[in-house]
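>
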Amino acid sequence: MWFRFGASSLLISLCLIFNVLLYLTTGNLATQEQCTNIYETWSAYMSRVCPSWMQEIVWILYDVKYGEGFYMQKDVFYRMALVVAHLNNMKQTKQYKQNNQTHVLVLPPFCNIAHWSYRTKRRLKWSLFFNIQQWESPTIEYDIFSSLHQPVYTDDLNIKDSSITAIYLSFDWNDKQTKRDYNIERVSLNISDENSTQKYIKCDMSSLKKQYNVRNTNYSGNCNYLLLEEVYCIHFTKILTSETLSIALKNLFHNPIIENKWKVSLHSVIIKFADKILVPWSYELSKYNLLNSLEFSTYIENKAMEYMKLHSLDSQKFIGIHIRRGDFVYFHKDEIPSFRNISLRISELMKELNISKVVISTDAENNDLKKMKTILGSIVDINLHFLGDIPNLTHKEDGLIAAIHQYIILQSNYFVGTKESRFTSSIRWQRIVNGKSLDSSTEYFCSNSEYEAKKYMKYSELVCREHTDRLPVTPISKFNFE
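In case it helps, mature numbering (1 follows the signal peptide of the UniProt record, and there is no 0) puts the sequence shown at residues -30 to -1, 1 to 452.
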């Protein structure tokens, strides 16, 4: 389900909104079942009707810097979902008890993602990858939001929308010019000198463009452009967490300029450079039921199970391996162990665990794959399977293939990944959330530098593990949320 807050003010307000919308369009009121299943019913009507009277919803879009990958986008979702959770929770505090705004997170479509090979501007929805109906944060896909604003698409894919406020983020803990935790600065949209922005603005404003006397900013991997009505820079000098950002946003939303504009239009803001927000602790996510909010979709799960049955991976134990090569070979040389050392460690694990099947997900080129298979075969008699193409996919994008590979590796009895890889980190996180043990989930292949520091040990016996401080290792029941 989209929400699981019971009779919270958030669900009640959304159900009331839906009732009014349903009554205006059909003359009928919603049943209890329709309100319970609010995501499907609400989104269906939203896609056709633009209720300008919805003055209590603040739509929060967000973006990351261009060139980030799929798993970085996934990480940033948790940070922004926590921002929205904090904002909605503030309605219960004394300071904001007169404020009835409900904040809804709008998800940017996946487009022009780093490491994906396709070059089209196809926008893939989050629901293709993740089970959106289980999310506990008020969240919708961008296409539903855009139908509310009735955008006009031009040949260059500009989105015509005059009610979006852009909020750029900046963080510099070395900035000693102010004692405040953050500064909010309004950026003029009428800059006479196009070659110089206001010098005092701390944020990176390079994505702020001017076309036909209207300001816009890129969005969703440069696949869209959003036309802007207001632009602000929030410069943090102490710490930039989801909570500190939510406090700054709440104060900004009470700015008279914004309040006056929001009286006559839908309320929507876009947070630029949301990747600057610090990674939240797992107990923070647990407090707002966000810890397990990104389960793989039924589509991904079904395709993965079809593949596993086809290759008999569903009926036997196996060790799951992720070997990151690609750009790591050039930019993380010290973190990449040799194929020989990888083979030695796999051989040792097979003996320790008494498991003969090894399943490998890797982005290595064909020549490297051949080399890896040869070295592995020379060291140990191994039942080896390299994950490959997935048959009968609706979409052929390699991002979907990678997600299916990840789901398969999640089912392994033991997992070893690559240091500093977000793909590995995502598998590790989800395994622990799903109840897999730390011992079977946190190992990675020791880097060359770590091996050099412990030359007295054989590489096959050298075990490197990820630190657990950012992993969801404490049972939710033990967290104190007072």
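In this text, a Cβ means the ideal position worked out from N, Cα and C, and glycines have one as well.
Pairing CB atoms from the stretch 304 to 314 with CB atoms from the stretch 397 to 409, are three or more of them under 8 Å?
Touching, no.
> Where does the unbroken alpha helix (DSSP H) through residue 232 begin, and where does it stop?
Locating residue 232 in the sequence shown gives position 262, counting from the first residue. Where residue 232 is concerned, the enclosing alpha helix (DSSP H) stretches over 226 to 232.
> When the distance is taken between beta carbons, is residue 136 closer than 9 Å to residue 34?
Counted from its first residue, the sequence shown places residue 34 at position 64. Counted from its first residue, the sequence shown places residue 136 at position 166. No, Cβ-Cβ distance for residue 34 and residue 136 is not below 9 Å.
> For residue 486, which residues from the same chain have a beta carbon less than 7 Å from its beta carbon, with the 5 sequence-adjacent residues on both sides left out?
Absent from the model: residue 486. The displayed extent of the chain is -30 to 452, so no value can be given.
> With DSSP run on the structure shown, which of helix, strand or coil describes residue 258?
Walking along the sequence shown from the start, residue 258 turns up at place 288. Looking at residue 258 - three-state DSSP - the assignment turns out to be coil, as it is neither helix nor strand.
> For residue 394, count the other beta carbons within 10 Å of its own beta carbon; 16 or more makes it buried, fewer makes it exposed. Which is it?
Stepping through the sequence shown from its first residue, residue 394 is reached at position 424. Flag for residue 394 reads buried.
> Return the CA-CA distance between residue 203 and residue 194, expressed in angstroms with no decimal places.
For the purposes of this step, residue 203 is taken as the residue at position 233 of the sequence shown. For the purposes of this step, residue 194 is taken as the residue at position 224 of the sequence shown. Each residue's alpha carbon lies about 21 Å from the other.
> What residue from 57, 83 and 58 has the CA that sits closest to residue 42's CA?
Here residue 42 is taken as the residue at index 72 of the sequence shown, counted from 1. The candidate whose alpha carbon is nearest that of residue 42 is 83.
> Tell me whether residue 376 is buried or exposed, calling it buried when 16 or more other Cβ atoms sit within 10 Å of its Cβ.
Working through the sequence shown from its first residue, we reach residue 376 at position 406. It is buried - the Cβ of residue 376 has at least 16 other Cβ atoms within 10 Å.
> Exposed or buried, which one is residue 344 when buried takes at least 16 other CB atoms within 10 Å?
Position 374 of the sequence shown, counted from the start, is the residue given in the question as residue 344. Its Cβ having fewer than 16 others within 10 Å, residue 344 is exposed.
> Counting C-beta neighbours from all protein chains within 10 Å, is the total for residue 425 16 or more, i.e. buried, or is it exposed?
Counting from one through the sequence shown, the residue named residue 425 turns up at place 455. Classification of residue 425: exposed, given that the 10 Å Cβ count is below 16.
> Which residues share a DSSP beta bridge with residue 179?
The sequence position of residue 179 within the sequence shown is 209, counting from 1. Its beta-bridge partners are 186.
> Expressed to the nearest angstrom, what Euclidean distance is found between the alpha-carbon atoms of residue 266 and residue 208?
Here the question's residue 266 lines up with position 296 in the sequence shown. Here the question's residue 208 lines up with position 238 in the sequence shown. Roughly 36 Å separates the two Cα atoms.
> For residue 107 and residue 156, what's the separation of their Cα atoms in angstroms?
Position 137 of the sequence shown, counted from the start, is the residue given in the question as residue 107. Position 186 of the sequence shown, counted from the start, is the residue given in the question as residue 156. Whole-angstrom Cα-Cα distance: 29 Å.
> Comparing alpha-carbon positions, which option in 252, 239 and 380 lies nearest residue 28?
Translated into positions along the sequence shown, residue 28 becomes position 58. Looking at the Cα atoms, 239 is the closest of the given residues.
> Have a look at residue 371 and residue 418 and give me their C-alpha separation to the nearest angstrom.
By 1-based counting over the sequence shown, the position of residue 371 is 401. By 1-based counting over the sequence shown, the position of residue 418 is 448. Rounded to whole angstroms, residue 371 to residue 418 spans 30 Å at the Cα level.
> Throw me the rounded Cβ distance for the residue 294 and residue 391 pair, which I believe falls under 8 Å.
As a working mapping, residue 294 is identified with position 324 in the sequence shown. As a working mapping, residue 391 is identified with position 421 in the sequence shown. Contact holds; Cβ gap of about 4 Å.
> According to DSSP, is residue 385 helix, strand or coil?
Numbered from its first residue, the sequence shown carries residue 385 at position 415. Of the three classes helix, strand and coil, the one that applies to residue 385 here is strand, per DSSP.
> What are the partner residues of residue 100, as DSSP defines its beta bridges?
Residue mapping note: residue 100 aligns to position 130 of the sequence shown, counting from 1. DSSP, once it has assigned bridges, lists 266 as partnering residue 100.
> Grab the span of the beta strand (DSSP E) containing residue 29 for me, first residue to last.
Taking the sequence shown and counting its residues from 1, one reaches residue 29 at position 59. Note, residue 29: beta strand (DSSP E), 27 to 32.
> Taking the CB atoms as reference points, tell me whether residue 361 and residue 269 lie closer together than 9 Å.
Position 391 of the sequence shown, counted from the first residue, corresponds to residue 361. Position 299 of the sequence shown, counted from the first residue, corresponds to residue 269. Their beta carbons are not under 9 Å apart, which means residue 361 does not touch residue 269 by this criterion.
> Out of 31, 438, 110 and 290, point me to the one whose CA is closest to residue 481's CA.
An answer regarding residue 481 cannot be provided, because it is not within the stretch -30 to 452 covered by the chain.
> With DSSP as the reference, label residue 136 as helix, strand or coil.
What you label residue 136 is simply residue 166 of the sequence shown in a count that begins at 1. If DSSP states are grouped into helix, strand and coil, residue 136 belongs with the strands.
> Run through DSSP, which three-state label would residue 346 get?
Working through the sequence shown from its first residue, we reach residue 346 at position 376. The answer is helix: DSSP assigns residue 346 an H, G or I state.
> State the DSSP-derived secondary structure class of residue 150, mapped to helix, strand or coil.
Start at 1 with the first residue of the sequence shown, and residue 150 comes out as number 180. Here residue 150 sits in coil by DSSP.
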